[in-house]
């Protein structure tokens with residue numbers, strides 16, 4: 003009987019355990035958690051803090067699983083491949099115990115990046131947002147002391163979601179972004195629209211500002227954040243959301259190799275460099291299906307997929323992780339934004355000859371009530387016509403994220419931009435057009451590349467492709 | 003300079019003309035329309051009649067196109083391949099003229115099926131719903147004479163949409179369905195839920211009833227519809243929506259071969275059996291990508307795709323129509339229903355060993371407000387694990403139609419059910435889960451087939467293939 007030990011009880015760890023049990027119900031499976039929150043949706047913390055998800059327990063769909071032993075407050079402190087054992091400390095002041103494994107899966111996740119040399123990071127009132135504990139600390143501050151204002155440092159996924167969440171709760175929010183516009187993981191034309199949406203909902207957006215110092219606000223309550231360009235603002239709390247890095251301490255000290263990105267190196271079978279030890283989730287490098295190399299892409303969706311593969315292989319399977327294409331989506335107030343694949347600069351670095359064309363169209367037939375404009379950016383390779391990536395921005399009811407999934411499925415199969423027109427997508431006037439907006443974006447790209455209109459296209463400005471093209475659906 | 007003549011100015015005809023112009027801007031392109039409504043969205047008629055689309059002109063996104071000569075009220079009456087000419091009658095009482103072509107595209111569409119031998123079909127107050135003219139006639143009846151009640155014969159796409167539309171307008175609606183439950187193009191478990199949704203919104207649903215007679219209502223105003231099982235009801239108007247058949251008169255008399263379904267036989271290049279004559283849309287047979295044979299599948303989406311291919315090839319292109327996978331969707335009151343691929347009985351007839359598993363799950367993370375249940379039916383081949391089809395039913399805001407599109411993209415590429423888990427679909431709690439419901443449906447299928455649970459899953463298995471024209475153009 004295989005004894006499978008999983009270190010980590012978040013997305014990757016739980017998925018691994020579940021799939022191992024599914025494939026081999028007789029396997030003896032234990033999941034070690036450093037805290038007491040197995041299977042909690044960390045992605046849900048902004049909604050807990052906004053008040054939309056009132057009870058934190060809602061964030062866990064399930065916390066107990068048939069045939070899986072969930073060991074909360076069990077912190078793995080060292081892994082010994084030679085003896086196939088893990089030293090585990092139980093509780094805050096527990097003694098180390100030793101647990102044996104036949105197969106081990108490391109799913110230790112990520113830890114927040116702490117901006118190097120930023121003074122004041124450890125002051126009371128400065129928070130990260132990566133664990134349930136972080137969430138409780140922020141919640142407690144918001145509830146307990148009439149916190150009415152917040153400064154968010156970082157305008158990526160967590161930063162913009164938290165700006166939305168805190169405004170939902172009536173808190174004054176200043177969002178400080180290193181980049182201009184905010185939200186650098188999509189193209190600037192969309193970033194600007196996100197910035198406008200944030201401003202429209204009362205967020206003070208400070209772009210192109212490098213935070214230099216956090217300090218107690220002198221004789222006033224709260225904290226003062228100072229940055230480049232003379233920026234200074236004071237608020238009751240500061241949230242630092244400047245990304246994550248892989249938590250690899252345990253793996254590295256066990257002699258497991260890391261990759262160039264600093265995350266654990268794994269095969270597509272989710273095996274580490276030590277036999278019998280797999281790894282998955284935010285602590286590992288991810289195979290990128292378009293780049294055909296590994297990269298660091300910490301995402302819940304990927305963690306689940308990798309965990310499932312690692313779990314299956316731990317009990318004798320031979321499954322491969324098929325790779326990420328970089329699909330992501332976020333809701334910011336009334337907007338949904340999604341991306342998949344490569345952006346133009348990423349594609350150029352990877353050796354492609356990318357062209358990006360932006361199209362604006364309706365999310366469904368304009369004659370049916372409630373139609374909203376969608377913006378679609380398609381990136382393809384000029385030489386081969388291959389689809390390389392796409393970005394969509396629109397109303398949050400415009401099925402933006404499932405539309406990016408059509409692009410994601412196309413990318414998965416290496417389709418050409420033109421090939422998107424071959425996909426038999428569903429249509430009824432309340433939901434789409436006979437050519438879905440995804441296909442209109444593809445047609446606009448084809449037309450622009452054919453006519454050379456792309457050569458006059460500057461990345462920040464949508465071209466006017468209205469005339470002479472077919473991308474607006476008859 | 004190529005002279006391209008297109009007969010028909012609806013989806014296929016306009017798409018053909020647009021793409022021909024896109025590929026060869028010097029081509030001389032004329033589109034002949036029997037009526038005066040080029041590029042009108044016939045799928046939009048229910049929304050015009052519900053009042054949601056107040057002005058019928060909104061149904062046409064554009065009616066004029068650079069480089070394309072739109073000839074309204076030009077009825078093609080005969081095609082002469084030997085001389086490459088078409089005889090055309092202009093207006094109601096016009097004389098025949100002859101027009102020359104280098105390349106001809108026939109896009110004459112479909113005509114409503116008239117239930118054979120049904121007395122009363124031609125009485126005043128009995129309507130079809132296939133042309134703008136039909137729409138105006140119904141509209142006029144609804145507006146002019148205080149029509150307060152309607153009987154709809156046929157509970158397919160048009161029937162259920164019109165039930166919704168007329169209820170929206172406050173009309174009493176009786177929907178008579180030959181099948182039980184209604185809406186036979188999806189599985190009965192979903193059909194029953196659609197029936198309940200119709201009833202919940204005040205539609206009187208009469209299932210398993212064959213209409214036998216329509217007659218004037220004696221001394222009362224209106225029409226009486228009688229049917230099997232003693233059914234009789236009287237209403238101000240009767241709408242007959244019992245499917246369509248290809249309009250092939252022009253093609254057949256020109257010597258163009260029809261296929262076994264009675265529609266025009268075409269290659270994947272959308273060429274008929276006569277050189278220089280292409281055809282597309284509801285008048286032709288459609289290549290079914292999963293069945294790997296042609297079938298009659300009249301749909302707006304397909305018509306656009308076929309038209310685009312026919313148009314490109316007419317001006318020297320060499321494009322192939324990649325085939326339909328049978329994607330369709332409809333909104334009925336608060337529900338969205340979508341299907342793609344084969345249903346179980348269709349798959350069995352085609353030689354597969356199909357298994358269908360139904361899963362219920364949330365459309366997005368249940369902790370985020372507004373979560374709704376989705377039902378997903380996945381059909382796969384037991385022997386090979388290949389995905390064969392899927393059906394989804396849920397709230398109309400649950401991105402049902404774009405979720406079916408993920409299945410459609412997977413079907414296009416011949417993916418296995420298990421492979422769906424490899425797709426890198428986007429996630430944020432307001433829109434999905436780390437495994438999208440599409441993937442949860444796939445996992446449930448895998449699990450059921452593995453454990454043999456599918457062998458006891460018979461309750462909702464469709465008993466036989468619906469015969470005739472189950473697929474109406476939305």
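Chains as they are written, first to last, in the numbering used here: chain C, 3 to 476; chain F, 3 to 476. Ideal Cβ positions, reconstructed from N, Cα and C, are used throughout, including at glycine.
Listed as beta-bridge partners of residue 130 of chain F by DSSP are no residues whatsoever. Straight across, the Cα-Cα distance linking residue 38 of chain C with residue 81 of chain C is about 21 Å. With at least 16 other beta carbons inside 10 angstroms of its own, residue 287 of chain C counts as buried.
Between the alpha carbons of residue 124 of chain C and residue 352 of chain C lies a distance of about 39 Å. The beta carbon of residue 299 of chain C sits closer than 8 Å to the beta carbons of 288, 290, 326, 328 from its chain, once the five residues preceding and following it are set aside; these are given in chain order.
Contact between the stretch 126 to 134 of chain F and the stretch 36 to 52 of chain F is present: 3 or more CB-CB pairs across the two stretches fall below 8 Å. By DSSP's assignment, residue 420 of chain F forms no beta bridge with any residue. Taken through DSSP and simplified to helix, strand or coil, residue 242 of chain F comes out as strand.
A contact is defined here as three or more CB-CB pairs under 8 Å, and the stretch 196 to 204 of chain F fails this definition with respect to the stretch 106 to 113 of chain F.
For residue 197 of chain F, the uninterrupted alpha helix (DSSP H) segment begins and ends at 190 to 202. Between the alpha carbons of residue 258 of chain F and residue 73 of chain F lies a gap of roughly 24 Å.
Interface residue (Cβ-Cβ distance to chain F less than 8 Å): residue 395 of chain C is not classified as such. Counting along the chain, residue 302 of chain C sits inside no beta strand (DSSP E); it lies in the alpha helix (DSSP H) bounded by residues 302 to 316. If you look at residue 22 of chain C, you'll find it isn't in any beta strand (DSSP E); it sits in the alpha helix (DSSP H) that goes 13 to 25. Across the structure, residue 256 of chain F and residue 83 of chain F are spaced so that their CA atoms are roughly 7 Å apart. Beta-bridge partners assigned by DSSP to residue 76 of chain F: F/92. Distance from the CA atom of residue 104 of chain C to the CA atom of residue 87 of chain C, rounded to whole angstroms, is 9 Å. At a cut-off of 8 Å between beta carbons, residue 116 of chain C makes no contact with chain F. Assigned with DSSP and collapsed to three states, residue 268 of chain C falls in coil, not helix or strand.
Following the DSSP letters along the chain, one finds residue 166 of chain C inside the alpha helix (DSSP H) bounded by residues 159 to 170. In chain order, 302, 303, 331, 476 make up the part of chain F whose C-beta sits under 7 Å from the C-beta of residue 429 of chain C. One thing to note: residue 145 of chain C has its Cβ no nearer than 8 Å to the Cβ of residue 243 of chain C.
Residue contact with chain F for residue 243 of chain C: absent (no Cβ-Cβ distance below 8 Å to any residue of chain F). Closer than 9 Å at the C-beta level to chain C, one finds these residues of the stretch 266 to 296 of chain F: 291.
Taking 8 Å as the cut-off, the Cβ atoms of residue 394 of chain C and residue 376 of chain C count as close. Per DSSP, residue 54 of chain F lies in no beta strand (DSSP E) segment and is marked neither H nor E. Annotated three-state conformation of residue 404 of chain C is helix, per DSSP.
The C-beta of residue 434 of chain F comes closer than 8 Å to at least one C-beta of chain C. Here residue 127 of chain F is near residue 143 of chain F, since their CB atoms are less than 8 Å apart.
The criterion of a C-beta distance shorter than 8 Å is not satisfied by residue 314 of chain C and residue 60 of chain C. For residue 140 of chain C against residue 241 of chain C, the beta-carbon gap comes to about 7 Å, under 8 Å, which counts as contact. For residue 449 of chain F, the enclosing alpha helix (DSSP H) covers residues 439 to 453.
The C-alpha of residue 453 of chain F is placed about 39 Å away from the C-alpha of residue 398 of chain C.
Considering only C/10, C/3, C/424, the residue with the shortest C-alpha distance to residue 252 of chain C is C/10. For the stretch 31 to 60 of chain F, the residues whose beta carbon sits under 7 Å from a beta carbon of chain C are, in order, 41, 43, 45, 46, 49, 54, 55, 60.
For residue 182 of chain C, the closest of C/157, C/235, C/48, C/217 by C-alpha to C-alpha distance is C/157.
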